[in-house]
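Just so we're aligned: the sequence shown equals residues 1158 to 1260 in the numbering used here.
Notes for the one structure printed next.
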Amino acid sequence: MESMGMKLSWISLGLTLMFLGFILIMAGMFCIFYHAWKHATTGIEGEEGKTEVKGGGIIMIGPIPIIFGTDMGSLKVLAIIAIFLVVLIVLLILLPNLWRLAL
(Lines of atoms letter the chains of each structure in order from A and count residues from 1; the text may use other names and numbers.)
(Lines give C-alpha, C1' and ligand atoms only; values in the text may rest on other atoms or scores of the structure.)
Protein backbone atom coordinates (compact mmCIF):
# COMPACT_ATOMS: atom_id res chain seq x y z
CA MET A 1 0.00 0.00 0.00
CA GLU A 2 3.03 2.27 0.40
CA SER A 3 3.55 2.31 -3.36
CA MET A 4 0.07 3.81 -3.79
CA GLY A 5 0.99 6.61 -1.37
CA MET A 6 4.20 7.15 -3.32
CA LYS A 7 2.25 7.48 -6.58
CA LEU A 8 -0.09 10.00 -5.03
CA SER A 9 2.79 12.08 -3.74
CA TRP A 10 4.42 12.13 -7.20
CA ILE A 11 1.10 13.09 -8.76
CA SER A 12 0.61 15.92 -6.28
CA LEU A 13 4.20 17.08 -6.88
CA GLY A 14 3.59 17.12 -10.63
CA LEU A 15 0.35 19.04 -10.27
CA THR A 16 2.02 21.53 -7.93
CA LEU A 17 4.87 22.11 -10.40
CA MET A 18 2.40 22.57 -13.25
CA PHE A 19 0.43 25.08 -11.18
CA LEU A 20 3.61 27.01 -10.30
CA GLY A 21 4.60 27.07 -13.97
CA PHE A 22 1.19 28.43 -14.91
CA ILE A 23 1.44 31.13 -12.22
CA LEU A 24 4.93 32.14 -13.44
CA ILE A 25 3.72 32.39 -17.03
CA MET A 26 0.77 34.55 -15.97
CA ALA A 27 3.06 36.78 -13.87
CA GLY A 28 5.41 37.20 -16.83
CA MET A 29 2.55 38.12 -19.13
CA PHE A 30 1.30 40.64 -16.57
CA CYS A 31 4.78 42.21 -16.37
CA ILE A 32 5.00 42.48 -20.15
CA PHE A 33 1.55 44.08 -20.43
CA TYR A 34 2.28 46.48 -17.57
CA HIS A 35 5.61 47.53 -19.09
CA ALA A 36 4.03 48.03 -22.52
CA TRP A 37 1.19 50.08 -21.01
CA LYS A 38 3.58 52.18 -18.91
CA HIS A 39 5.85 53.03 -21.85
CA ALA A 40 3.19 53.17 -24.57
CA THR A 41 3.35 56.95 -24.99
CA THR A 42 6.80 57.87 -23.69
CA GLY A 43 9.05 55.00 -24.77
CA ILE A 44 12.58 54.39 -23.55
CA GLU A 45 14.91 56.82 -25.27
CA GLY A 46 18.25 55.62 -26.59
CA GLU A 47 21.34 57.71 -27.37
CA GLU A 48 20.05 58.99 -30.73
CA GLY A 49 16.53 59.64 -29.47
CA LYS A 50 15.27 56.33 -30.82
CA THR A 51 13.38 53.77 -28.80
CA GLU A 52 15.75 50.99 -27.71
CA VAL A 53 14.54 47.43 -27.27
CA LYS A 54 16.48 44.96 -25.11
CA GLY A 55 15.59 41.39 -24.34
CA GLY A 56 16.28 37.74 -24.85
CA GLY A 57 15.05 34.26 -24.16
CA ILE A 58 15.89 30.68 -23.27
CA ILE A 59 14.66 27.62 -25.12
CA MET A 60 15.17 24.42 -23.13
CA ILE A 61 15.39 21.23 -25.20
CA GLY A 62 15.65 18.64 -22.47
CA PRO A 63 18.55 19.72 -20.28
CA ILE A 64 20.21 21.70 -23.09
CA PRO A 65 19.58 25.47 -23.09
CA ILE A 66 19.57 27.65 -26.20
CA ILE A 67 20.10 31.28 -25.18
CA PHE A 68 19.49 34.32 -27.39
CA GLY A 69 19.42 38.02 -26.66
CA THR A 70 19.98 41.53 -27.94
CA ASP A 71 22.71 42.67 -25.54
CA MET A 72 25.34 41.28 -23.16
CA GLY A 73 23.41 42.27 -20.04
CA SER A 74 20.42 40.18 -21.09
CA LEU A 75 22.65 37.27 -22.06
CA LYS A 76 24.43 37.26 -18.67
CA VAL A 77 21.13 37.13 -16.78
CA LEU A 78 19.77 34.43 -19.08
CA ALA A 79 22.97 32.38 -18.73
CA ILE A 80 22.57 32.38 -14.93
CA ILE A 81 18.92 31.34 -15.27
CA ALA A 82 19.88 28.61 -17.77
CA ILE A 83 22.53 27.19 -15.42
CA PHE A 84 19.97 27.09 -12.60
CA LEU A 85 17.43 25.34 -14.85
CA VAL A 86 19.97 22.75 -16.05
CA VAL A 87 20.98 21.93 -12.45
CA LEU A 88 17.31 21.68 -11.47
CA ILE A 89 16.51 19.35 -14.39
CA VAL A 90 19.50 17.12 -13.64
CA LEU A 91 18.52 16.93 -9.96
CA LEU A 92 14.92 16.07 -10.81
CA ILE A 93 16.14 13.31 -13.14
CA LEU A 94 18.74 11.87 -10.74
CA LEU A 95 17.00 12.19 -7.36
CA PRO A 96 14.37 9.47 -7.89
CA ASN A 97 17.07 7.03 -9.01
CA LEU A 98 19.35 7.89 -6.09
CA TRP A 99 16.43 7.60 -3.71
CA ARG A 100 15.62 4.10 -5.03
CA LEU A 101 19.25 3.04 -4.60
CA ALA A 102 19.30 4.29 -1.01
CA LEU A 103 16.27 2.16 -0.13
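For every residue, glycine included, the Cβ atom is placed at its ideal position computed from N, Cα and C.
On a predicted model such as this, the values are computed, not experimentally measured, just so you know.
Three or more beta-carbon pairs drawn from the region 1235–1255 and the region 1205–1225 are found closer than 8 Å, and the two stretches are therefore classed as touching.
Selection Ile-1168, Ile-1218, Ile-1189 evaluated against Val-1210 yields Ile-1189 as nearest (Cα-Cα). The Cβ atoms of Gly-1212 and Leu-1235 do not sit closer than 7 Å to each other. Looking at the DSSP output, Phe-1225 shares a beta bridge with Gly-1214. The DSSP-derived three-state label of Ala-1193 is helix.
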